[in-house]
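Undergrad: Numbering (full-length UniProt numbering), first residue to last: 1 to 398. Cβ coordinates follow ideal geometry from the N, Cα and C atoms, glycine included. Values in this document were obtained by computation on a predicted structure and should not be read as measured data.
(1) Quick one: what's got a C-beta closer than 6 Å to residue 188's C-beta in the same chain, skipping five residues either side?
(2) Inspect the beta-carbon positions of residue 130 and residue 268 and report whether they are closer than 8 Å.
(3) Look at the alpha carbon of residue 374 and the alpha carbon of residue 133, and state the distance between them as a whole number of angstroms.
(4) Take the Cβ of residue 73 as the centre, count every other Cβ of all protein chains shown within 10 Å, and call the residue buried at 16 or more, exposed below.
(5) Is the CB-CB distance between residue 49 and residue 66 below 8 Å?
(6) Using beta carbons (cut-off 8 Å, strictly below), is residue 332 in contact with chain B?
(7) Determine the burial state of residue 346: buried for a count of at least 16 other Cβ atoms within 10 Å of its Cβ, exposed for fewer.
(8) What does DSSP give as the partner residues of residue 123 in its beta bridges?
(9) Taking all protein chains shown into account, do 16 or more other C-beta atoms lie within 10 angstroms of the C-beta of residue 355, making it buried, or fewer, making it exposed?
(10) Could you tell me if residue 311 is buried or exposed, where buried requires 16 or more neighbouring beta carbons within 10 angstroms of its beta carbon?
(11) Rank 190, 252 and 176 by C-alpha distance to the C-alpha of residue 270 and give the top, closest one.
(12) Tell me where the alpha helix (DSSP H) around residue 61 begins and ends.
(13) Any idea if residue 124 is buried or exposed, counting beta-carbon neighbours within 10 angstroms, 16 or more meaning buried?
(14) Since residue 148 sits in a beta bridge, which residues does DSSP pair it with?
(15) Does the separation of the CB atoms of residue 302 and residue 328 fall below 8 Å?
(16) Need the endpoints of the alpha helix (DSSP H) that residue 277 sits in, please.
(17) Starting from the C-beta of residue 409, find all residues in its chain whose C-beta is less than 7 Å away, skip the five residues before and the five after it, and write them out in chain order.
(18) Between residue 146 and residue 94, what straight-line distance do the alpha-carbon atoms span, to the nearest angstrom?
(19) Exposed or buried, which one is residue 71 when buried takes at least 16 other CB atoms within 10 Å?
(20) According to DSSP, is residue 378 part of a helix, a strand, or is it coil?
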């Protein structure tokens, strides 16, 4: 009995020590066990994929669609592979914009010096001189870049549904000038030097005692990781820092910058926007900052599942009234295309266009009809107003 009583505290101490050890295990590090090198091809052909005549991504040898789970039980590695492929596709889309759509690449800021970070947009040759119509395209946030609506659709469906290329081609056919924004290209990433890493750990507003305690814990953690490293063989990923692009450090800044330096300087009598998801929020912010200019130049705005919020963005009454008359939001809905959808927000009419990432593609024909009706209404002093008659979007004079 005495022995059991003596052993009790020892067992409790071991249990506590075990719990402490388990709590300190980095699950992300464990996921790296037996992981292949994070080294991937830098071309589509290197991945053994190609876009076929229908714009579908297919394996060169098997003709099968893209397979995410290339290696079983290695989700992190598969995700990195997917991201690497996505970067190649981004460059591929840039090439299509230039070679197939005949758009030119324009560097931002317009007065950038050689050594500073830069972004870019794409525009047609006549974008600033077309006297009639100008179409401006803004994608949502995330990994997508200029010319894309949804990377997932490009990889798993086709180029038509996932890119802005159908909009660009039709716009050019119908006599529009075109500007393609690049609102997610906000910074460049550079590898941190050892001095920068040390500096970032030294700079802190915390009290010295708390900082010393934290440093001690970090050193102990590093010691344990170094001990286990030779067994787990994790891959060390570089520490990077972000250097933001001047006047283009966010989607909202980017939209305002392109408006000030390009859109507002264009000759077009009618300016149109198609803005998807966060792009809609960026457009509304542009309206808040440049209300009079936007009202004077923009004829109609097609939003596709926009995430703007007139309350959170503190949109004024005059802007909300303008949006009700000149905007339409094609939103996620199981209803047939263009069916009116009720909204709690007092901004603009909402109509159905299937699921989120497909809204820009499914609404494609309706958007150009909306623009055409807007021009006719402007020229004949008739405003395009979606009505709920027959539960379908229609236009009426008033």
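TA: So, from the listed chains and residues:
(1) The answer, listed in chain order, is 117 and 243.
(2) yes
(3) 12 Å
(4) exposed
(5) yes
(6) Absence of chain B from the displayed structure is noted, only one protein chain being present.
(7) exposed
(8) 104 and 179, per the DSSP bridge assignment.
(9) The C-beta of residue 355 has fewer than 16 other C-beta atoms within 10 Å across all chains shown, which makes the residue exposed.
(10) exposed
(11) 176
(12) Unbroken run through residue 61: none, as it is neither H nor E.
(13) Buried: at least 16 other Cβ atoms inside 10 Å.
(14) 163
(15) Yes, these two residues count as a Cβ contact at 8 Å.
(16) Counting along the chain, residue 277 falls outside any alpha helix (DSSP H), and DSSP gives it neither H nor E.
(17) Nothing about residue 409 can be read from this structure; the chain reaches only from 1 to 398.
(18) In this structure, the alpha-carbon of residue 146 lies about 7 Å from that of residue 94.
(19) exposed
(20) helix
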